[in-house]
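Per my numbering, the sequence shown starts with residue 6, numbered consecutively. Every residue, glycine too, gets a C-beta built ideally from N, C-alpha and C. This report refers to the structure that appears directly beneath it.
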Amino acid sequence: MSTVLRKEFSNLEFDPDELRARYKAERDKRIRPEGNAQYVNVSGEFAHFIDDPYVEPGFSREPLTDEIDIVIIGGGFGGLLAGARFREAGLANVRIIEAGGDFGGTWYWNRYPGAQCDIESYCYLPLLEELGYMPKEKYSYAPEIFEHAQRIAKSFDLYDDVCFQTKVTDLTWDEDAAQWIVSTDRDDVMRARFVVMATGPLNRPKLPAIPGLEDFEGHTFHTSRWDYDYTGGDHTGNLDKLGDKRIAMIGTGATTIQSLPYVGAHAEHLYLFQRTPSSVDLRGNSPTDLEWAETLEPGWQRERRQNFNDMLIGRPVEKDLVNDGWTDIFRNLRRLMPRGDEPAVSMEEAMALAELADFNKMNSVRARVDNDVADDETAEMLKPWYRQFCKRPTFNDEYLPTFNRPNVTLVDTSDSQGVERITQNGIVANGVEYEVDCIIYATGFEVGTPYTRRAGYEITGQNGQKLSDYWEDGLKTLHGFSAHGFPNCFQLGLGQNGFSVNLTAMLDDQAQHVAYIISEVMARGASYSQPTVAGEAEWVATIRGLAVMSTSFFEACTPGYYNNEGRVGERGGLFTESYAPGNNAFNTLLAEWRKTGEMAGLELN
Ligand code: NDP
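This is the structure we're talking about:
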């Protein structure tokens, strides 16, 4: 053991081996053999869970059968940024198809009380400099973000050609015409030269396949379709219809962390059914300092986003510009690393120090629970026993104190791997039936299921090849954007590209890259581009070769959508297929790729 390590590991107030053993035991008891199959497909008798509550019923329009240069599927930030960057690149003939009644994606659907972005707004809200907009607070609430989505659409004239309340049902490539045939649930059969799929990483709500799910006779809804007619109130709370209601919430992810305080404040009684507690760190929101905003120089947003990305991958930066709960662990890590003329550490030692910084962080998260929750038994149940980035960290200052309310009960279901059963009258957990009037499913969104299932349509490329078959044994792409045999078809989002937890920044760079490829295909007089077999294979090997460290990290994690419910080897988790050197390195790689002008790994026909 080096001097640095010996120094850091002496005088610890905890036993790392004990923590490791506790983490492992907590993980092992939660692993379910069914993996993603523990969730039902929200269709058929459950389809009403995903109906759009924000539009008037009865919308209709004439089907479209025209030709368009570029169809973008999805009007969330991915689709909006594609639209904006395509406009900037002079690509005028663009149509967006969106299932909802407006732009906004996640922020269109998720309107639950307290919905807020956990990523600093100065990094998260895109195109701030281009649009001259400064967010009101360090962490924006959902309505401001939704409004910003609409601002982007207006500024780049994206409302001019958009099909709202329209779901794509099929994409089929016509080789002779070199076009995609885009079919929708509005009987459209459009033809597009290019298709850009921006359907989002967490777009399809999921329900746990709990026995008796269909038996409950009270009211139910999923948090991504919050039913204000039932609860009363709005995003700011005042849920005044809940005063005589016994409410159950299932799930304790970021959505519940933000919404539970509002339900707890109004329900006659609230039962929260928890399987794995979230790590709940300090929120510390504050209004934007306008004097600080005045000092910002052009290019500040990109610089800030890059700084944030660097912090999150542990790369040294001069100053932590964002300086919040996301970057905290890496600030701690830097304090542990050798300085000045202290000898450098090996990779193994660096990993040991990273684990130590993580233990320190999670110890402080657990201490926060003791500090905020009066009842010891409840506090114990709320403590997370895993490394910080095993699950998505959350940030909130009202969640934990809500458990001090006499009308709020936490029910731990970890020993039975979740809620046991749903009955006509309520929920059974640990052998006890809890009678309730309403069950709110805060059970998240599909991640590990096939791409085509989450997108909601099949994609049939050259020679009748289906994308679901082509990707059956794992993703195969060039840079995450396109697959061999699926010409002029691009996907934005996660998968074999450079992940950033700041999704909008990631999507913006992706949009600019796709704008470049489409412009080049047009400028070079080609009909289409697609990855070569060799180019694609090389990129897949690069991604998997670099993923070794993240694979072992996620294998040791408690199950969840970050690690494909514990089945890391099957490559369905959110990050198990991302470019390990990080988003900034990925963007540099793409910029260099564009600079050569060679379109390496792509063939143009
Ligand atoms: P999550 O997927 O994070 O949480 C789902 C919850 O349901 C988990 O606590 C899970 O437990 C629980 N669950 C599933 N099945 C059962 C069962 N059978 N019995 C009991 N509990 C069960 O969903 P969220 O909607 O909270 O969040 C989804 C994502 O959306 C976040 O991770 C985040 O990325 C994003 N988000 C972002 C926000 C932002 O600030 N930008 C705000 C809100 C959400 P277990 O953990 O044991 O699987």
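Coil, strand or helix - Ala197 by DSSP: strand
Where the beta strand (DSSP E) containing Thr465 begins and where it ends: Glu463 to Thr465
Delimiting residues of the beta strand (DSSP E) encompassing Glu440: Val437 to Glu440
Runs of alpha helix (DSSP H) lying entirely within the segment 255-306, each at least 4 residues, in chain order: 259-271 and 295-299
Inter-stretch contact at 8 Å, needing at least 3 Cβ pairs: the segment 234-251 / the segment 111-121: yes
Continuous alpha helix (DSSP H) stretch holding Gly550: start and end: Val538 to Leu551
Beta bridge counterpart(s) of Pro216 as assigned by DSSP: Looking at the DSSP assignment, Pro216 forms no beta bridge with any residue, so it has no partner.
Cα-Cα separation, Asp478 to Thr457: Distance from the CA of Asp478 to the CA of Thr457, rounded to the nearest whole angstrom, comes to 14 Å.
Rounded distance between the beta-carbons of Asn502 and Gly485, thought under 8 Å: Contact flag correct, Cβ pair sits at about 3 Å.
Run of the alpha helix (DSSP H) containing Ile55, from where it starts to where it stops: Neither: Ile55 is in no alpha helix (DSSP H) and is coded neither H nor E.
Beta-ladder partner(s) of Ile318, from DSSP: Partner(s): none; Ile318 has no beta bridge.
In DSSP terms, what Met202 is bridged to: Ile78 and Gln496
Cβ-heavy atom distance, Pro148 to ligand 1, below 7 Å: no
Check: Arg35 C-beta below 7 Å from any heavy atom of ligand 1: yes
Sequence-distant residues of its chain with Cβ nearer than 6 Å to Tyr146 (five each side left out): Gln121
Contact test: Cys128 Cβ vs ligand 1 heavy atom, cutoff 7 Å: Not so, every heavy atom of ligand 1 lies at least 7 Å from the Cβ.
Inter-stretch contact at 8 Å, needing at least 3 Cβ pairs: the segment 193-205 / the segment 215-229: no
Contact test: Arg280 Cβ vs ligand 1 heavy atom, cutoff 7 Å: yes
Any non-hydrogen atom of ligand 1 closer than 7 Å to Gly289 Cβ: No.
Distance cut-off 7 Å: Cys395 Cβ against heavy atoms of ligand 1: no
Where the beta strand (DSSP E) containing Leu176 begins and where it ends: Val173 to Asp179
Alpha-carbon spacing of Ile445 relative to Val573, whole angstroms: 29 Å
Proximity of Arg230 and Pro62 at Cβ, strictly below 8 Å: no
Short CB-CB distance (under 8 Å) between Ser505 and chain B: The structure shown contains no chain B; it holds only a single protein chain.
For Val441, the nearest candidate out of Gly461, Gln429 and Arg371 (CA to CA): Gln429
CA-to-CA distance, Cys443 to Phe450, given in whole angstroms: Phe450 and Cys443: Cα-Cα distance of roughly 20 Å.
Environment of Ile36 [buried if 16+ CB atoms lie within 10 Å]: exposed
Distance cut-off 7 Å: Cys562 Cβ against heavy atoms of ligand 1: The answer is no for Cys562.
8 Å contact criterion, which Tyr129 and Thr399 should meet: CB distance rounded: Not a contact, Cβ separation roughly 15 Å.
Exposure label - Arg66; buried when at least 16 CB within 10 Å: exposed
Status (buried if at least 16 other CB within 10 Å, exposed otherwise) for Ala10: Rather than Ala, the amino acid found at residue 10 in this sequence is Leu. When all chains shown are included, Leu10 counts as buried.
With 16 other Cβ atoms within 10 Å as the buried cut-off, status of Val437: exposed
Residues near Asp333 in its chain [Cβ-Cβ closer than 8 Å; skip 5 each side]: The beta carbon of Asp333 sits closer than 8 Å to those of Asp286 and Lys366, all from its chain and outside the five residues before and after it, given in chain order.
Endpoints, beta strand (DSSP E) assigned at Cys128: Counting along the chain, Cys128 falls outside any beta strand (DSSP E), though it belongs to the alpha helix (DSSP H) covering Ser126 to Tyr129.
Bridge-paired residues (DSSP) for Ile186: Thr177 and Arg196
Delimiting residues of the beta strand (DSSP E) encompassing Leu607: From DSSP, the beta strand (DSSP E) with Leu607 extends over Leu607 to Leu609.
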